[in-house]
Every structure is written in C-alpha cells, then in structure tokens.
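Asker: Protein chains in written order, with the working numbering: chain A, 1 to 1157; chain B, 10001 to 10073.
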C-alpha cells in the first residue's frame, strides 16, 4: 500500500505541479483558495492511504487493492496541487485586502481585515465609477524609533531583538483621488503609513462604485526603487550567510528585519526577502566584515536599495530572476563617505558579546577557514586556489586567477623550462569551461561521493561497524554542504548519499535501488524548500547527471559491447577521425555538407562490415569492447551516458556552447579529481593536529600540488587543442523531444515488444506494421526537433541594437532574410575581462539560432566597435566582411608604425586608443594567443576545407557611393548605403572621420548609423548631401555623443556652440524622430578620459533633448537593447527596459506594486 | 565500499612518498619545510605565494590588520 513506487510517484508529480505553476500561474490573490485545496487533497490522500493500510492489516485484500488504486489518484492530485501551490506562494507575496469603500446612497467603508504591523496602504479602483472619488484614511501610527547607544548605533536586547521606543501618533492621510477615467485595477498609493486603521473618509464622490483598500506587503522587494540617486534607506538586520570575500570587495548576505523608508520616515518590520550588501574596502572597519566571523552578527546600514538588472538583451542572463530564485530581492553598495559615520555598523549585545548565527554553521565555516589555512601553507598558488575550489567550494577565490602557464608565475617556469610559449593569460575558470571540466568547481555529487567513499574507507580501516559510523558520515556530509555553500547540486548529493548510506547500513540494500528512490526524494526535499530552483542550472545539471548515469549507462554499455570485430575497429577509426576533424577544423564537422555524407558513409561501412563479419572476412570478433578492462569499460560507458543525457542537451540549452574536449578530458579529470579532493580534505584535516600534523599536511600538499599540475595542464592543453564553439540554443521543444528519444533508447526493447504484441493483436501478424509505426513516430519526433533549430525571421526590416556597454553592435535583418552585423563591441583584457562579443553578441546570435551572417561590417577601427570582430569571426559563418578604407589590406604581423601610417591624424589620437586598436586588429607580439582581427581573417581564406565548410570569407573595403545588400522587399527596396568616407576627401584616412557612415533603407523608412564622426565631420556630412539623401527617422549620435573635446570640463560654452553648429546642422538635415546613443561606462575603453567623455555625453544628450524633446533620446545603458522594426512605411521601437517592466506581472512581481525596471 | 579502504591506504602511502620526492626536488617546498621547522610559517615561500588569496585567512588564525588593498573601479 505504502510502497516505494508511490513515494517516487508523489515526488515526480510534485515536480510536475511546479512546472505547471511556472507555465500557467494564477493570480497570487487566489493563494488562500489554493492552500485550502491543497490541504483537502493532502488530507484525503492520507485518509485513503490509512484506510488501505487498515484493510491490509485486517487481511481484506480486495479492499486493500481498491484503496491502493484510489491512493494513486489521490497521490497525483495531492502532489500536483502541493507543487503548484508551493511555487505560487514562493514566487509572490501578495498584498492583503483590508476592506472596501462601497459608494452609494450611504457610502461606507466595509473592513475585511486588520493591520498586523506598520505598513503602507493603497486604494485600487475595482470597477467603473460614475465620477472621481476623493478619499482619506484615518488611523494611528506607532512610530518606531531605534534606541541608540552613545555611539549613535541602534541597539539590541539580551535575546537579540532590536530595541525601539514607540510613539503613537494619530494620522490622517492626504486626500487621494481615484479618477473615473483611469482603468480598472489602477492603484493609488497612500503616502502616509499606518499601524491601525480607524476609518475611511469619503470626502466626495459618486453614488455608485467600489474602491478596495489593500495593505502593501512589507516584503523587502516593495521597498526597492530602481535607478540612481534615490533616497537612502536604513536597514536593521543580520548577516545570514557566509560573507563572500573578494580581493576588492566583500558581499554580505543580509536578512533585513526592519527598514526605515523613506529616509527619516518610520521603521517597517520586513516580512521576507534577503538582500546583498557590497562593502568596499574603503569602509571603516572593513576587516570586521571581510571574514567568516561576521556571519550571524547584527548590522545597521544605510544606502540606496536597488535591484539587480534584469536581462539587458533578448535571451541574455536575467540577474534579477537568478537572485530572486535564491530569495535575494535587493542590492545595496556601501562606500565610505568623505565625512560622517561609516555606512555600516556591527551591533553587539548589551554585554558586548557578538551575536551568533547557527552554531553548526559557525563551526562548519570555522573548520573551513582552518582547512584553508593549512592549504595555503602546503600548496603553492595558483594550485591552492584550485584545491580550495574543488575541496571547499571556494569558487570566488578562483575569479581572475590565471592558469599556471601565465607570465605571472614565469619566474618559476624559467628555472625548469616549459614547452608552452609566454603570454598565456586565460584564467583557470575559463580554461576549465573550454575543456569541459568546469563541473569540478561546482561541488556536487562527484565531490560528495568522493568524500563519502573516503570516510567509509577511513571508518572501515578502524573496524567500526557501519551501523555506528553512518550517522557520523551523514553529519560530516551536512558540514561539507554548509562549508561549500549548500547549493542545490550539493544538497541533492548529500540527501541521496545519506539515503543510500541508511539503506545500505540498516536495510542492506544495493546502490541501484537506493538511487531509484533517492533521486526523486532529494528533488522533492530541495524543491519543497525552494521550488524556484527547478530550472536553475545547479539543479537540472546535477539531477540530469545522476539520472543519465542511472538510466543511460546500461543501454549505452549494451550498445558499446555489441561492437565486435570490423564494426568495433570502424567505430574506433570514426571516433579518432571525427576527433581529428574537430580539432583541425571544427566548422567543417558541424556543417550538413560534411556530416550528412559522413553519416551515410559510416552507415554503409557498418552494414558492410557486419556482412563481411558474418562471412568470416575481416577482423576477428575477439577484438571488441570487452577487451577493455571492466572498470575502465564501465567508466567509459558512464561518460558516454553523461554526454548523451546531460552534457549535449543541457550544456547547449543553458550556455549555448559545447565543449568538444569534455568527452575526452573527463576520462582523466574525473579519476584525478578524486585524488585532488581526498588529498585536499585529508591533508587539510591532518594539518589541524598539533605538532606533526602540519608536516604530514605538507607532504600531502606537495603531492597534491603535483596532481594539480597534471589537472591544470590537462585543462590548459584541452582548451588549446579543442574548440569551444557556440551552438544554436535549442528551445524547450527540442530539449523535450531529445529526451523522448533518450527514453526510447533506454526502453526500446520493452517498447518494441509491446508494439509487436499490440500490432499482432490488432493488425494481424507481420513485421511491417511495427516498423512502419516506428518510422512514423521517429519522423514525428525528429521533425519538431529540427524545426526548433530554425531561426525566426522577422517580417520586414529589423535592427537590433545590443546593449554592450560603451560600444556598438547592431544586427540588421532585411525583409528578404539577410543578416548583417555592424560592429562587435569592446573586449576588456584586464580587470573585469569583459568580452562583449563572447558575452553578448555571439550568444545573442546563438539565442536567435543564427549561425550564418551574410555580412559583417566593421565600421571603424575604434576598439569599442572593432575589438570583438575577431571573436565573431572565430564563431560565426560570414560571407562578406566590409571595412573602411583605413583598414583595407590589413595583414597579420603588420608593424605598429605601418598601422599608424594608415591614419593621417595618428599623432592627434590618445596613444592608448591607437595601441588598443592595433592590438585588437593586428595583434600583440607579447600576447600571441590573443585573438586579433587580421590573423582571424587570414584563417578564413579560400582553402578547400573552408570552401567545403562554407567558412571562407571575402573582405572588401567600402566607401561613399556604394550600396550593399540591395534587394526588393514587399514594401520597397532595401539597401545599406555607404555615405562616408568620400574618396579623396581629407577625412578619408582619418581615424574617426574615416569611419563608415551607413544609411539602412527600406521603402520610406531609414536608419542612419553615424559611426565615429567628430564634430567637424558632422557638419561636413550635413553639407555634402541633400536632405533626401540623409533623411532618417532614427539615427545614432556620432561618436556616441563623446567626440573628443578635452577642454569641456572648463569650457562648456564652446562645446555647446560646436554642437549647435555641427550636430545641429546634421539633425536639421536628417530630421530624426529618435536618436540612439550606444553608451555605457567609458572607463574600460577611455581610461582617465572617461570623465571628460561623460561630460561631453551629458551635454550632447541635453542638446538633442532640447531640440527634439526628451522622448526622442534612447540609450543602450538606460533603455538596454533597442529593437526597431519597420514594414517600409511605419516603424516601431521597443526597448528591453520596457519588456522587463512589462514582465513584472503576476509571475514575476513579488508585491502587487511592481518594482524595478 | 569497504574494499575502498585498501585503495585509500595505498593512495595515501603513495602520496606521502610522492610528497617526499617533491619536497626534495622543489626548492619552494624545501624552504617551506625549513620555515615550519623554525616556527616561522609566514616565511615559507609556499605561504607567500598565497598572500593575496583569501587575505583574511592569516597564518596564525588571528584577524588581519586593517588594510585597504583597494583597486580602483
């Protein structure tokens, strides 16, 4: 009755309930009803199971069987409703209805609830009104004022509760006008907060209608206000998790308890939600926060409470949603002010002691610090950072750490010599991603299983019975989970390993049976606590891996073991050949013109090989997969299963990239990481023993250093040899269909048997019916799979301005389906190492399923346009590249002097800009591994392999008078006109004034992309062309509005005159409706000149807004990605910021007052 | 699972031997051993390579002196 299968079913149905809630959420106002339904369903389920158990015990088998059947249905309903309700309640904290103002002959307020604490209120227009209603609230406010000590800090009592003095005040709100003309559902926030509501005055209003009074939730998200220069809030709370200490900041996870909002206003008790507080090292007493001991302490701080940015580009990473999934709803950044108290203070107890958090957590974190101390003494850096990452989950310590072949450690390598050349500046983390071994840094099942096996081994050596040591190991695993951050992947593994240990120790069960139960139970427990992580990569990749191992290993081994003789040798040859092609020319490997003939050839050779084998011709059947030692063979089978079930579909779905190297490097990495983790853990613990312990730890650390060298070399070599291409990101249809195919692969025999039996029974004997049905089903599965990979093409013209910070990247899609990318953003090599091409541009193309461009235009040599070009060339099929005349004939190895000579005004440029352009376009001899435009272009020449793969690219310099990609569309002609530079003009060979000015035209609509023209060239452009040749509804502001004007900080007047004369003339000719600035933080690009550029930008913006109106200005830093579509007559502009705001609906907002961008 | 105890023992013994070899060959490890023997772990070259790695973890388990190792934004 109460069987393992029912438990498994309940857990999986709970997941389905969550998925239903994600795809079809209801209004959070329905939560009380949902909770009631869930309660009833769970109660009914319990009663049915109890009745069945009773029938079983009293030997009423028939009745027990009947109850069992009913139990399945009850379990289904109960688990679905539980999952659905849990997700809705976790994803929203609805405002509470307090009452209604009923307008009539005797208008009255009908209360329906009371206020539990001080809060804000709002009116909502609930239906049509005959006229405007003027309302006022009456009540009381218990104004909370923190009791402060002589240092001005808020105080807590002995039990850690914040101390307040309360001053009751009578409050009457402002008169709120609910307008009849407003839409139903419009909200009107009452400025004054209340603790008790005594009445609602209807100052004036019609005699019909209803206005509802709501209490705004005190969830922390309702106090967040986006944007800059807001009023600061003061928060009283405690540090609720381990501080994240970087070398340039510390991030404190804080649970707020009270918030003063607005500044000088009342204190509200917070009803949920955490925040992240970033503390800069300049803050007084910084070291008090930048340490583990800060965990659990009470804090008071003041700052602007803002929210993480939602996705800046379509398909981009939604940082806000990611944080909300982990209950983080606000961000505060704290800096030390020039004068005044520090922005954050630790609050001690009255007796001077510090507040403690959970004791087990404190112990775990202290143990982690002690082990890290031992690692730092016994393993050389950067290997210690690697060991810290894989043993203790310290991923943040690996940020920015370069691989061991970096010049930073060169003094070591000069002594011993090395085979790799200088200049390797990849970080360890990036090399791990490219090598497909990044998973070792995410503490998960592999690490937990290693720790479990190690501890079982140690206890076994001590001859302790398993029933005694299993609870100790479970406690150790809990401590390990706390130390490593308790991510879903770790929790999954700890729960499953604990279940396995218990069933193994106390019920003598095998591993397989515990896995079948452990996976769904672990998933259920994790999602019961936090249902929002269902689609988090940490959750799905971890469960995907374990399910792949559990379900796909056996059929994969079965397939591999059937390879014998000719077919086995053929499989090995094909694997080696495909690997070689992937290394030498990955683009060839993934094109249909190579893959299709290869697949046909392999199928034919396999069939032929099999026939010859049957005739005894060829290689003996003794040569087969079984020759591989059993353990190794099983390991290969498991790796094959993981690639099939997890790496291929999910890696591509989440990251749009697939590491070729992963299938190979993991064959060594996985056994090796077991050694690294065990030596790291045992050495770290041994080092805590006084006396001899540290010496033993030193020996183990030295050995671990050696094994780390092997691991880091493996990742470095794999990242060098194998490609890491972008793959078109599949949609859910593809992923779902793919897993249906996997399910068929797993259960193909039972499915085939059932099919044959069914066809025999219903359609008569004969093998053709099952084969026919299989064929039809296969086609029905594969067709949607392929359809999901097709990219959506817009109707008409579309321009997508991507938000790439201070830089440009625009995708133009013509009515005929041509795709042209204009510029590729900036690449930052130091500090943040932000590569906009890899981070934004190419992933956007992958998201749109675009892997081929008809054209790529590099409009200017400026690094904020051209730096990303080499990375686009590395990953995307491109037919034509267009450059300005200044970049014509660019060759790899061109000297800096020759490059400078291309520009007539090279001497007037900022030396850093010219140097950056040279490095990105030609290369850097000191950094031979860095991508550069010219060498990458040289690799795209017309070789036979490039031609076969469609990978060859033609380069052409263009100038004014040329038209690119001309075609006839439904509503007129489409073309890209080149308006600058003019051949023979003085500006033709200028760095900025020689940049390409492009006019994208479709029918009556045009967009002018003005490149990097400086002020004088703006006027010249206006003077050169007739109005109809320049007219455009939308234009970009030349040079991002930051054309050099170094004197602007002192002399604003002259710049305003220049703007009037030059930009004004251009605006008069172009007559745009909207002006776009592709803008962001200029510091990475312009360095010290960034401040001047910002001032110039502000003046340019104000000039344009004064001319055309504030609504005319669009910028990619404020409005994020900007999409322009046109049918050739009219046009539409949509910004990502608008989309993010619009998405703050039922499924995204926490409070009914939508917050954030 | 319990058969893994033997594998663990072998791995530990082999690692200790390997560690001894590295200690003899690698100058930084030799000096680290000497520094530990002298009771001056902060003089160890191994520790010094890790100075900027989690700076709040000091060799003596005392909180570090206040420092402002600030990199400009």
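Beta carbons are placed, not taken as given, at the ideal position from N, Cα and C, and that holds for glycine.
Alpha carbon to alpha carbon, how far is residue 916/A from residue 861/A? Give it in angstroms, no decimals.
Answerer: Counting from one through the first chain, the residue named residue 861/A turns up at place 861. Counting from one through the first chain, the residue named residue 916/A turns up at place 916. If you take the alpha carbons of residue 861/A and residue 916/A, they lie about 10 Å apart.
Asker: Say whether the region 15 to 33 of chain A touches the region 83 to 93 of chain A, bearing in mind that this needs 3 or more beta-carbon pairs closer than 8 Å, one atom from each stretch.
Answerer: Judged by pairs of C-beta atoms under 8 Å, the region 15 to 33 of chain A touches the region 83 to 93 of chain A, as three or more such pairs exist.
Asker: Helix, strand or coil: which one does DSSP assign to residue 268/A?
Answerer: Reading the first chain from its first residue, position 268 is the one you call residue 268/A. In this structure, residue 268/A counts as strand in the three-state DSSP scheme.
Asker: Could you work out which residue in 357/A, 900/A, 893/A and 952/A is closest to residue 927/A when comparing CA atoms only?
Answerer: Reading the first chain from its first residue, position 927 is the one you call residue 927/A. Looking at the Cα atoms, 893/A is the closest of the given residues.
Asker: Which of the three DSSP states, helix, strand or coil, is assigned to residue 418/A?
Answerer: Mapped onto the first chain, residue 418/A falls at position 418. Reliability of the predicted coordinates at residue 418/A is poor, the pLDDT of 47 falling under 50, and no value is obtained from them.
Asker: Is residue 397/A closer than 7 Å to residue 10054/B when the C-beta atoms are compared?
Answerer: Counting from one through the second chain, the residue named residue 10054/B turns up at place 54. Counting from one through the first chain, the residue named residue 397/A turns up at place 397. Yes. Within cutoff.
Asker: What does a CB cutoff of less than 8 Å around residue 112/A pick up in its chain, not counting 5 residues either side in sequence?
Answerer: Residue mapping note: residue 112/A aligns to position 112 of the first chain, counting from 1. Cβ within range, chain order: 97, 98, 99 and 100.
Asker: Quick one: what does DSSP say residue 260/A is sitting in, helix, strand or coil?
Answerer: Position 260 of the first chain, counted from the first residue, corresponds to residue 260/A. Reduced to three states, the DSSP call for residue 260/A is strand.
Asker: Taking only beta-carbon atoms, is residue 89/A less than 7 Å away from chain B?
Answerer: Numbered from its first residue, the first chain carries residue 89/A at position 89. No, residue 89/A does not count as interfacial toward chain B.
Asker: So, at 7 Å on beta carbons, what are the nonlocal neighbours of residue 1148/A in its own chain, with the 5 sequence-adjacent residues on each side left out?
Answerer: One-based indexing of the first chain puts residue 1148/A at position 1148. Here residue 1148/A scores only 33 on pLDDT, less than 50, and its place in the model should not be relied on; the value that follows carries that caveat. Same-chain partners within the cutoff: there are none.
Asker: Out of 654/A, 464/A and 292/A, point me to the one whose CA is closest to residue 239/A's CA.
Answerer: Walking along the first chain from the start, residue 239/A turns up at place 239. Per the Cα distances, 292/A.
Asker: So, is the C-beta of residue 912/A closer than 7 Å to a C-beta in chain B?
Answerer: Looking up residue 912/A in the first chain gives position 912. Taking Cβ atoms only, chain B never reaches closer than 7 Å to residue 912/A, which makes this a no.
Asker: Alpha helix (DSSP H) containing residue 1106/A: first to last residue?
Answerer: Here the question's residue 1106/A lines up with position 1106 in the first chain. Run containing residue 1106/A: 1090 to 1108, per the alpha helix (DSSP H) assignment.
Asker: Just to confirm my understanding: we take residue 232/A, look at its own chain, exclude 5 residues before and 5 after, and list those with CB closer than 6 Å. What are they?
Answerer: Residue numbering aside, residue 232/A sits at position 232 when the first chain is read from its first letter. Here residue 232/A has 263, 302, 303 and 304 as same chain residues with Cβ atoms under 6 Å from its own Cβ, once five neighbours each way along the sequence are excluded.
Asker: If you follow the alpha helix (DSSP H) that residue 1069/A is part of, which residue opens it and which one closes it?
Answerer: For the purposes of this step, residue 1069/A is taken as residue 1069 along the first chain, with counting starting at 1. Where residue 1069/A is concerned, the enclosing alpha helix (DSSP H) stretches over 1064 to 1070.
Asker: Evaluate residue 496/A with the Cβ neighbour count: other Cβ atoms within 10 Å of its Cβ, from every protein chain shown; 16 or more gives buried, anything less gives exposed.
Answerer: Numbered from 1 along the first chain, position 496 holds the residue referred to as residue 496/A. Flag for residue 496/A reads buried.
Asker: Chain B partners of residue 1160/A, CB-CB under 8 Å?
Answerer: Past the boundaries of the shown model lies residue 1160/A; chain A is included only from 1 to 1157, so the question cannot be answered.
Asker: In the region 336 to 368 of chain A, which residues sit with their C-beta less than 9 Å from some C-beta in chain B, listed in chain order?
Answerer: none
Asker: What residues of chain A sit near residue 10036/B, judged by a beta carbon separation below 9 Å?
Answerer: Position 36 of the second chain, counting from 1, holds the residue named residue 10036/B. By Cβ distance, chain A contributes 377, 694, 695 and 698.
Asker: What residue range is occupied by the uninterrupted alpha helix (DSSP H) comprising residue 879/A?
Answerer: Locating residue 879/A in the first chain gives position 879, where the first residue counts as 1. Note, residue 879/A: premise wrong, no alpha helix (DSSP H); beta strand (DSSP E) at 877 to 883.
Asker: Bridge partners for residue 244/A per DSSP, in chain order?
Answerer: Taking the first chain and counting its residues from 1, one reaches residue 244/A at position 244. Partner(s): 251/A.
Asker: Kindly list, in the order they appear in chain B, the residues whose Cβ is closer than 8 Å to that of residue 678/A.
Answerer: The residue labelled residue 678/A in the question sits at position 678 within the first chain. Within chain B, the residues placing a beta-carbon under 8 Å from that of residue 678/A are 10008 and 10011, ordered along the chain.
Asker: Quickly, what does DSSP pair residue 967/A with across the bridge? List them, please.
Answerer: In the first chain, residue 967/A corresponds to position 967, counting from 1. Beta-bridge pairing links residue 967/A to 974/A.
Asker: Report yes if the C-beta distance between residue 838/A and residue 871/A is below 7 Å; otherwise report no.
Answerer: Taking the first chain and counting its residues from 1, one reaches residue 838/A at position 838. Taking the first chain and counting its residues from 1, one reaches residue 871/A at position 871. Yes; because the gap between Cβ atoms is below 7 Å, this pair is in contact.
Asker: Return the chain-ordered ranges of every alpha helix (DSSP H) run that is complete within the region 496 to 532 of chain A and spans a minimum of 4 residues.
Answerer: 511 to 529
Asker: Is there contact between the region 1019 to 1034 of chain A and the region 1072 to 1086 of chain A, where contact requires at least three CB pairs shorter than 8 Å?
Answerer: yes
Asker: Put residue 846/A into one of helix, strand or coil per three-state DSSP.
Answerer: In the first chain, the residue the question calls residue 846/A occupies position 846. Looking at residue 846/A - three-state DSSP - the assignment turns out to be helix.
Asker: When you compare only the Cα positions, how much space is there between residue 1164/A and residue 962/A?
Answerer: This structure leaves residue 1164/A out entirely; chain A is present only between 1 and 1157.
Asker: Could you check where the alpha helix (DSSP H) with residue 83/A kicks off and where it finishes?
Answerer: Taking the first residue of the first chain as 1, we reach residue 83/A at position 83. For residue 83/A, the uninterrupted alpha helix (DSSP H) run begins and ends at 61 to 90, by DSSP.
Asker: Just curious, the beta strand (DSSP E) that residue 855/A is in, first and last residue?
Answerer: Taking the first chain and counting its residues from 1, one reaches residue 855/A at position 855. Its beta strand (DSSP E) spans residues 852 to 857.
Asker: Would you mind sorting residue 161/A into buried or exposed? The rule is 16 or more other CB atoms within 10 Å of its CB.
Answerer: Numbered from 1 along the first chain, position 161 holds the residue referred to as residue 161/A. With fewer than 16 Cβ atoms within 10 Å of its Cβ, residue 161/A is classed as exposed.
Asker: Can you grab the Cα-Cα spacing for the pair residue 24/A / residue 356/A, in whole Å?
Answerer: For the purposes of this step, residue 24/A is identified with residue 24 of the first chain, where counting begins at 1. For the purposes of this step, residue 356/A is identified with residue 356 of the first chain, where counting begins at 1. Taking the straight line joining both Cα atoms gives about 42 Å.
Asker: Can you check the region 880 to 931 of chain A for any alpha helix (DSSP H) of at least 4 residues that lies completely inside it and give the ranges in chain order?
Answerer: Taking only runs of at least 4 residues, the alpha helix (DSSP H) segments lying wholly in the region 880 to 931 of chain A are 896 to 900 and 911 to 921.
Asker: Which residues in chain A have a C-beta closer than 7 Å to the C-beta of residue 10039/B? List them in chain order.
Answerer: The residue labelled residue 10039/B in the question sits at position 39 within the second chain. Ordered by position in chain A, no residue passes the 7 Å Cβ test against residue 10039/B, which lies about 11 Å from the chain.
Asker: Got a sec? Which residues, its chain only, sit under 8 Å from residue 1002/A by beta carbon, not counting five neighbours each side?
Answerer: On the first chain, residue 1002/A is found 1002 positions in, with the first residue counted as 1. Contacts found: 796, 797, 814, 815, 969, 971, 972, 973, 974, 1126 and 1128.
Asker: Which residue wins for smallest C-alpha separation from residue 853/A, given the options 791/A, 909/A and 904/A?
Answerer: Locating residue 853/A in the first chain gives position 853, where the first residue counts as 1. Ranking the options by Cα distance to residue 853/A, first place goes to 791/A.
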